[in-house]
Amino acid sequence: MADELHHRSLLTGREREIFQLLVKDQTTKEIAARLGISEKTVRNHISNTIQKLGVSGRAQAIVELLRLSELSLD
Numbered sequence: 001m002a003d004e005l006h007h008r009s010l011l012t013g014r015e016r017e018i019f020q021l022l023v024k025d026q027t028t029k030e031i032a033a034r035l036g037i038s039e040k041t042v043r044n045h046i047s048n049t050i051q052k053l054g055v056s057g058r059a060q061a062i063v064e065l066l067r068l069s070e071l072s073l074d
């Protein structure tokens, strides 16, 4: 059980998808179109992630997610 908790992600699947696309320089509009969701929903996911991490913006969120190995540059 402790092992399972150790590998538990901070991000939801959708949040991870969105941040992986942000890292690839996709805009909110492009991400929304690609995932078939509204731009507002994309922004909500980004905002939720920023709050979870306690950072002040997208760039800081990306840096923190990379540091935590929640995101990769692949």
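Numbered according to UniProt numbering, the sequence shown spans residues 1 to 74. Backbone N, C-alpha and C fix where the C-beta goes; we use that ideal spot for every residue, glycine too.
{"Asked": "Between residue 48 and residue 42, what straight-line distance do the alpha-carbon atoms span, to the nearest angstrom?", "Found": "10 Å"}
{"Asked": "How big is the Cα-Cα spacing for residue 72 and residue 37?", "Found": "23 Å"}
{"Asked": "According to DSSP, is residue 70 part of a helix, a strand, or is it coil?", "Found": "coil"}
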